[in-house]
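Chemist:
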Amino acid sequence: MTRHIRWQILLIIVGAVLVAILLTYLAFNYTTVLRPGHGGTYVEGIAGFPRYINPLLSGYNDVDRDICALMFSGLTRLNSYGEVEPDLARAWEVTPDGLSYTFYLRSSAQWHDGTPLTADDVVFTIGLLQASDFPGPPELGATLWRTVNVEKIDRRTVRFTLPEPYAPFLDYTSVGILPAHLMRGIHAGNLPAAQFNIRPVGSGPFQLEELEVEGDTITAMVLEKFPDYYRARPYLDRVQLRFYPSYQAAFSAYAAGEVEGVGGIATADLPRAPGDLFSAHTAEYGLVFLNLNRSDLPFFQEPEVRQALLYALDRQQIIDTALDGQALITHSPLLPGTWAYKTDIPRYEYDPDKANRLLDEAGWVRRESDEGARRNEGQRLAFTLLTSTEPQRIEVAQMLAQQWATVGVTVTVETAPPLEVREALEQRRFEAILVHLTQPGDPDPYPFWHETQVENGQNYAGFEHRRISEITEQARIITDQERRRELYDEFQQLFAQEVPALLLYVPVYTYGVDERIHDVQVGPLVHPSDRFRTISKWWIVPRRVFVSESETLRP
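Position one of the sequence shown corresponds to residue 13 (the working numbering), numbered consecutively onward.
#1: Judging by CA-CA distance, which residue of Leu437, Gly276, Ile210 and Thr114 is the nearest neighbour of Glu467?
#2: Could you check whether the stretch 212-222 touches the stretch 67-83, counting it as contact only if at least three pairs of C-beta atoms, one from each stretch, sit closer than 8 Å?
#3: Counting along the chain, where does the alpha helix (DSSP H) carrying Ile166 start and finish?
#4: Suppose the cutoff is 6 Å on Cβ atoms and the five residues either side in sequence are ignored; what does the same chain contact list for Asn73 look like?
#5: Going straight from the alpha carbon of Lys549 to that of Arg528, what length do you get?
#6: From Pro554 to His124, what distance separates their C-alpha atoms?
#7: So what does Lys237 bridge to, in DSSP terms?
#8: Excluding the five sequence neighbours on either side, which residues of its own chain have a C-beta within less than 7 Å of the C-beta of Thr450, listed in chain order?
#9: Looking at Leu321 and Leu302, is the spacing between their C-beta atoms short of 9 Å?
#10: Helix or strand or just coil, what does DSSP make of Pro512?
#11: Should Glu163 go down as buried or exposed, given a rule of 16 or more other Cβ atoms within 10 Å for buried?
#12: Would you list the residues sitting across from Val603 in a DSSP beta bridge?
#13: From Leu515 to Leu446, what does the alpha carbon distance come to, in whole angstroms?
#14: Go to Pro98, then tell me how far its beta strand (DSSP E) extends in each direction, as first and last residue.
#15: Going by DSSP in three states, Ser548 sits in which element: helix, strand or coil?
#16: In terms of alpha-carbon separation, which member of Asn368, Gly51 and Ile65 lies closest to Arg211?
#17: From the DSSP output, in three-state form, read off Gly188 for me.
#18: Between which residues of its own chain and Gly276 is the CB-CB distance below 8 Å, once the five residues before and five after are set aside?
#19: Taking the C-alpha atoms as reference points, what is the distance between Val170 and Glu56?
#20: DSSP three-state call for Pro567: helix, strand or coil?
#21: With C-beta atoms as the reference, is Pro403 less than 9 Å away from Gln509?
#22: Less than 9 Å between CB atoms is the rule here; does Arg543 satisfy it with respect to chain C?
#23: On the premise that Tyr54 lies in contact with Val317, defined as a C-beta separation below 8 Å, what is that separation, rounded to the nearest angstrom?
#24: If you draw a straight line from the alpha carbon of Ser186 to that of Thr88, how long is it in whole angstroms?
#25: Regarding Arg369 and the ligand NAP, is the C-beta to nearest heavy atom distance less than 8 Å?
#26: Could you spell out the range, first to last residue, of the alpha helix (DSSP H) harbouring Trp104?
#27: At what residues does the beta strand (DSSP E) containing Leu449 begin and finish?
#28: Please report how far the alpha carbon of Tyr113 lies from the alpha carbon of Trp416, in whole angstroms.
#29: So if DSSP puts Asn388 in a beta bridge, which residue, or which two residues, is it bridged to?
#30: How far does the alpha helix (DSSP H) with Glu480 in it extend, from its first residue to its last?
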């Protein structure tokens, strides 16, 4: 009996020693780390109120666009480089002639009510876009869609046939798809009145759970994770959106800790913004169009004068002073960070000496007797710069005029309400004009710089250049991205030589998020709603896991 007990004691001791050895080994070779876990609710404050939670109407209201980015999906989507990626479509094929696009839908895609998403939904959505009474924003390409033949091949396959090659077409396939089984019978003209717009059913990562309504206004919304989402499921369980009547009200709620995020933080509020701040440039740029068709301003036709005007500008000082640093100098009419942007094009760094030399060589002589103004054969180098009454735009315009004055160019700043400035731009009733242009999606510069767009298109400068026109023609009918890149490299090189407009800056969008929200990433934005592009990777609740020490040392 005693011997048996001794053996039990010995076994216990040996077991304890082995456990101790194992624990020691684990302590020296393994550790615990925090990894993303599922759960938690992210709360964001948004300025404005929802109107149409419908991807075919959301372009009129940034609030609607934000919600649709979380709830709806298109056949494709744009990544941060402006490239088209698969979304509801797992793949697509383009015929060699560039006329036919065949899309193959994911078999796992379904609507939030559990109904499978099929080619019928795609055909139905495009049919609304093609309707003559379609009430949505022009950016969705209704005019283009009306020229496209849509064909359902089978339940998971749909084909689009174009009348002629058009490379930017893929961008238009990122439009959100609507559920045919819930909306059939609703005509395009009646979309704004559809009950669906406040009780939407989408196919995106989050679905509607709850609405808070005061009177006729939606004041808050809770979206919950869609468990059957066809891509990686979000870590967040819910996203709560609270809507405020103004940006200041939304920011005050963020500063007070009532919400955990707010977008579009104004530069004046940056010093008191809590949490983490994320900045990304937007799909627009500020520039000055010179009216090259004004016969009374012949100096605008001289490339040397246009180059001098750009060399005379200290754009960084303008950004730091008038824009509080919330912009980046731009050197190309194509957006930086996108696939077509050329990084090594000639740059016009601030160089007033070179500006003076170019103007002198062009015959625009500066006379002290004329208060330092420049003249050539009796004509003064002077023009009027029009801009809107927005305070920031006025300050930028005034700084432009002051900097040009230092090289003998006389500029008078005029202001008008934004709608009047837009009208003056479209009717070419300006000498020079400071505006912002948006360039979402495909970099196609044809509308702004092709010679056929001078009279009735968007070639507001009146710029005519045969080679640039040839390049922009070719690049919009070639589907091979590498060949398009080569053409756009040449386009940007020629643009830098000719300076048909004075490129200034790309604005920066700043997004504030509480520190407890992890792995937030904000890249270049086509629209502010693109801040949610990576929301499936955001997390709040951690999970602790064992990993080897060697794994923690991996780059």
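A virtual CB, placed ideally from N, CA and C, is assigned to each residue, including glycine.
Modeler: Here's the rundown:
#1: Within the sequence shown, numbered from 1, the residue matching residue 467 stands at position 455. Closest option to Glu467, Cα to Cα, is Leu437.
#2: Flag = yes, the stretch 212-222 and the stretch 67-83 touch.
#3: As a working note, residue 166 is residue 154 in the sequence shown. Per the sequence shown, residue 166 should be read as Asp rather than Ile. It is not in any alpha helix (DSSP H) - Asp166 instead sits in the beta strand (DSSP E) that spans Asn161 to Asp166.
#4: By one-based count along the sequence shown, residue 73 stands at place 61. Closer than 6 Å at Cβ, skipping near neighbours: Arg63.
#5: Here residue 549 refers to the residue found at position 537 of the sequence shown. Here residue 528 refers to the residue found at position 516 of the sequence shown. Approximately 14 Å between the Cα atoms of the pair.
#6: The residue labelled residue 554 in the question sits at position 542 within the sequence shown. The residue labelled residue 124 in the question sits at position 112 within the sequence shown. For Pro554 and His124, the distance between alpha carbons rounds to 27 Å.
#7: One-based indexing of the sequence shown puts residue 237 at position 225. Looking at the DSSP assignment, Lys237 forms a beta bridge with Phe218.
#8: Stepping through the sequence shown from its first residue, residue 450 is reached at position 438. Within the same chain, Thr450 has close Cβ partners Ala295 and Glu296.
#9: On the sequence shown, position 290 is the one that residue 302 refers to. On the sequence shown, position 309 is the one that residue 321 refers to. Against a cut-off of 9 Å, the Cβ pair of Leu321 and Leu302 comes out as a contact.
#10: The residue labelled residue 512 in the question sits at position 500 within the sequence shown. Residue state, collapsed to three classes: coil.
#11: Numbered from 1 along the sequence shown, position 151 holds the residue referred to as residue 163. Within a 10 Å sphere around the beta-carbon of Glu163 sit fewer than 16 other beta-carbons, which makes this residue exposed.
#12: Outside the displayed range of the chain (13 to 567) lies residue 603, so it cannot be described from this structure.
#13: The residue labelled residue 515 in the question sits at position 503 within the sequence shown. The residue labelled residue 446 in the question sits at position 434 within the sequence shown. Taking the straight line from one Cα to the other gives about 10 Å.
#14: Numbered from its first residue, the sequence shown carries residue 98 at position 86. Segment Val96 to Pro98, the beta strand (DSSP E) holding Pro98.
#15: Residue numbering aside, residue 548 sits at position 536 when the sequence shown is read from its first letter. DSSP places Ser548 in helix when its eight states are reduced to three.
#16: For the purposes of this step, residue 211 is taken as residue 199 along the sequence shown, with counting starting at 1. Taking only the C-alpha atoms, the option nearest Arg211 is Ile65.
#17: On the sequence shown, residue 188 is found 176 positions in, with the first residue counted as 1. In this structure, Gly188 counts as strand in the three-state DSSP scheme.
#18: Here residue 276 corresponds to residue number 264 of the sequence shown, with the count starting at 1. These residues qualify, in order along the chain: Ala59, Tyr259, Tyr521, Thr522, Tyr523 and Pro540.
#19: Numbered from its first residue, the sequence shown carries residue 170 at position 158. Numbered from its first residue, the sequence shown carries residue 56 at position 44. If you take the alpha carbons of Val170 and Glu56, they lie about 37 Å apart.
#20: Residue 567 sits at position 555 when you count from the first residue of the sequence shown. With a pLDDT of 47 at Pro567, under the threshold of 50, the modelled position of that residue is not reliable, and the figure given next carries that caveat. Of the three classes helix, strand and coil, the one that applies to Pro567 here is coil, per DSSP.
#21: Taking the sequence shown and counting its residues from 1, the one referred to as residue 403 is at position 391. Taking the sequence shown and counting its residues from 1, the one referred to as residue 509 is at position 497. Going by C-beta atoms, Pro403 is not nearer than 9 Å to Gln509.
#22: You won't find chain C in this structure, because it holds only one protein chain.
#23: On the sequence shown, position 305 is the one that residue 317 refers to. On the sequence shown, position 42 is the one that residue 54 refers to. Contact flag wrong, Cβ pair sits at about 53 Å.
#24: By 1-based counting over the sequence shown, the position of residue 186 is 174. By 1-based counting over the sequence shown, the position of residue 88 is 76. Those two C-alpha atoms are separated by around 5 Å.
#25: As far as ligands go, the structure on display features none, and thus does not contain the ligand NAP.
#26: Locating residue 104 in the sequence shown gives position 92, counting from the first residue. Taken as a continuous stretch (DSSP letters only), Trp104 belongs to no alpha helix (DSSP H), being part of the beta strand (DSSP E) at Ala101 to Val106.
#27: Position 437 of the sequence shown holds residue 449. Unbroken beta strand (DSSP E) run through Leu449: Ala444 to Thr450.
#28: For the purposes of this step, residue 113 is taken as residue 101 along the sequence shown, with counting starting at 1. For the purposes of this step, residue 416 is taken as residue 404 along the sequence shown, with counting starting at 1. About 50 Å.
#29: Position 376 of the sequence shown, counting from 1, holds the residue named residue 388. Answer by DSSP bridge pairing, in chain order: Gln391.
#30: Counting from one through the sequence shown, the residue named residue 480 turns up at place 468. Rather than Glu, the amino acid found at residue 480 in this sequence is Ile. Where Ile480 is concerned, the enclosing alpha helix (DSSP H) stretches over Arg478 to Ala487.
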